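This report refers to the structure that appears directly beneath it.
2 protein chains.
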Amino acid sequence: MNTDDVLGKAPLFAALDRESAAALRTSISEVTLSKGQTLFSENETGDRLYVVLEGKIKLSRTAPDGRENLLSVLGPGEMFGELSLFDPRPRTASAIALTDVRLAGLGHDDLRPWLTGRPEVALHLLRALAQRLRRTNDVLADLVFTDVPGRVAKALLDLADRFGQRIDDGIRVHHDLTQEELAQLVGASRETVNKALADFAQRGWLRIEAKAVVILDLERLHNRSR
Amino acid sequence: MNTDDVLGKAPLFAALDRESAAALRTSISEVTLSKGQTLFSENETGDRLYVVLEGKIKLSRTAPDGRENLLSVLGPGEMFGELSLFDPRPRTASAIALTDVRLAGLGHDDLRPWLTGRPEVALHLLRALAQRLRRTNDVLADLVFTDVPGRVAKALLDLADRFGQRIDDGIRVHHDLTQEELAQLVGASRETVNKALADFAQRGWLRIEAKAVVILDLERLHNRSR
DNA sequence: GCCGCGCGGTGGGATACGTCACAATGACTG
DNA sequence: CAGTCATTGTGACGTATCCCACCGCGCGGC
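As they're listed, the protein sequences go chains A and B. Sequential numbering of the first sequence, starting at 1, is according to UniProt numbering. Sequential numbering of the second sequence, starting at 1, is according to UniProt numbering.
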């Protein structure tokens, strides 16, 4: 997929007509990272927003004692790093490439005139943030009410929605996460996540592959997640 | 405090000069609820945003099995119900009065012209949502990394910041929550929260009063929360 | 091609917390 | 003013999950 098509799916650009979008693109800078590289770290000052063009990137926070948790895993078309832009404070998460990744970056100064001149852009961004807030509240409720296997199932289904591809015997979800990272994403220890996955595989609901799973029984996995 | 002073603290109005704010006030409707009354419920369609003028209100979600959790407790100057406005979907939480409460309500149709015409208002709202998202991410991390007593301490300190008043021997935090509600706020059972509070009181860090606590040793309570 | 190390897999305590059960206290109501 | 109901306080018990320890595998580097 080419750059324009991917950008068109991002909320920032969705609101713009073709010419406006083309104009905005002139102030965009492209960044590429290879797997494992850090784009930015917690506590840095940040005044850039990014859209993933290709590949995957993770947003992660580190607790004072060194333990980590993942806020999200982002793929093509998804936006991040905008909080420091709307609310000028240091970054509250680090962004690290899960695969080789290509990004579109847009600075505060480039964006501001677009926001003040085009109210429909601001409205789209408000909507994007509102959706994120809803989503985050859902995750929060899951942490309180759902057990680890349930959260693992939920996370896999979510990843399947965004990254899944149909193959003959199911849906291949190439999440590009180690089990350690998957554990950080659902807020549990690697061991318990491993056991949950093993249990699901045992029941025939999915097959485990390297940094991926193939979902074989969507129905039951979905039931387990509720 | 009078209505204008309270509204001035809300992000929606903070961006406006005096005349603009006065003009916007003409489209505001005032609502009063008595303790225990419901302003709106989950799954209702909602196109109104509210600012608390006086009293306290809680935002709560109900899981399919009936268990509840509180998203937040809001006091004077704080805004809520805006998500359904920026992202037109049913409400994802119910709003219930903790005390007798007076609210300013503003409808979608009234607000939109203000957003499109005044980019600084949209920017302020983006900032408010960005702050909320950061906050929610913090709470999320606490659920993963902090034990129940720690979360209770954190919640009390937060409530103290917003509702605390200095008295001779400490800070009185009149939160207007039952222990059940406090438990729902920190994502734990009532019993565990009760025991944590008893332990804190035992250590002389605080004194328990009806729907309130008096914080006696801010220092240690703060240490316990980290 | 061998070695090392990151990653995946699995078992066995230890424990924080939820659930249950019940008593004591306080607040509202007829 | 009595009685009822909500709220608080506290113990016993079961268990999900964390933490630790260890093993095997495979991949990448030297």
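Cβ coordinates follow ideal geometry from the N, Cα and C atoms, glycine included. Quick caveat, the model's predicted, so the values are computed rather than measured.
B:N43 and B:A153 have their C-alpha atoms some 32 Å from each other. Among the residues of the stretch 76-110 of chain B, those with a Cβ less than 7 Å away from any Cβ of chain A are L83, F86, D87, T92, in the order of the chain. With respect to chain A, the C-beta atom of B:G150 has no partner C-beta closer than 9 Å. Taking the beta carbon of A:F145 as reference, the chain B residues within 7 Å of it are A63, R67, listed in sequence order. With a threshold of 9 Å between beta carbons, B:L39 makes no contact with chain A. Under the Cβ distance rule, A:A141 counts among the residues neighbouring chain B, one pair being separated by less than 9 Å. Burial of B:Q184 is indicated by the presence of at least 16 other C-beta atoms within 10 angstroms of its C-beta. With contacts defined as CB atoms closer than 9 Å, B:L206 and B:G170 qualify as a contacting pair.
For A:G170, there is no enclosing alpha helix (DSSP H); the enclosing beta strand (DSSP E) has its first and last residue at 170-173. The beta carbon of B:I96 sits closer than 6 Å to the beta carbons of T38, K58 from its chain, once the five residues preceding and following it are set aside; these are given in chain order.
Along the length of the stretch 108-186 of chain A, whole beta strand (DSSP E) runs at least 3 residues long occupy 164-167, 170-173, reported in chain order. Contact annotation, A:S29 with A:G105: C-beta distance approximately 5 Å; criterion of less than 8 Å satisfied. Going by C-alpha positions, B:L49 is about 6 Å away from B:G107. Shown here, A:A198 sits in a helix according to DSSP, grouped into three states. Taking 9 Å as the threshold, the shortest C-beta distance from A:A130 to chain B falls below it. The C-beta separation of B:L126 from A:F200 comes to about 40 Å, leaving the pair out of contact by the 8 Å criterion.
Taking the beta carbon of A:T136 as reference, the chain B residues within 8 Å of it are L133, T136, N137, L140, listed in sequence order.
Around A:L115, the beta-carbon contacts reaching into chain B at under 9 Å are P119, A122, L123, L126.
Residue state for A:A95 is assigned as strand, using DSSP reduced to three classes. B:G187 belongs to the set of residues whose beta carbon lies under 9 Å from a beta carbon in chain A. For the options A:A22, A:V186, A:D158, the alpha carbon positioned closest to that of A:R151 is the one of A:V186. Counting along the chain, the unbroken beta strand (DSSP E) around A:N69 starts and ends at 68-74.
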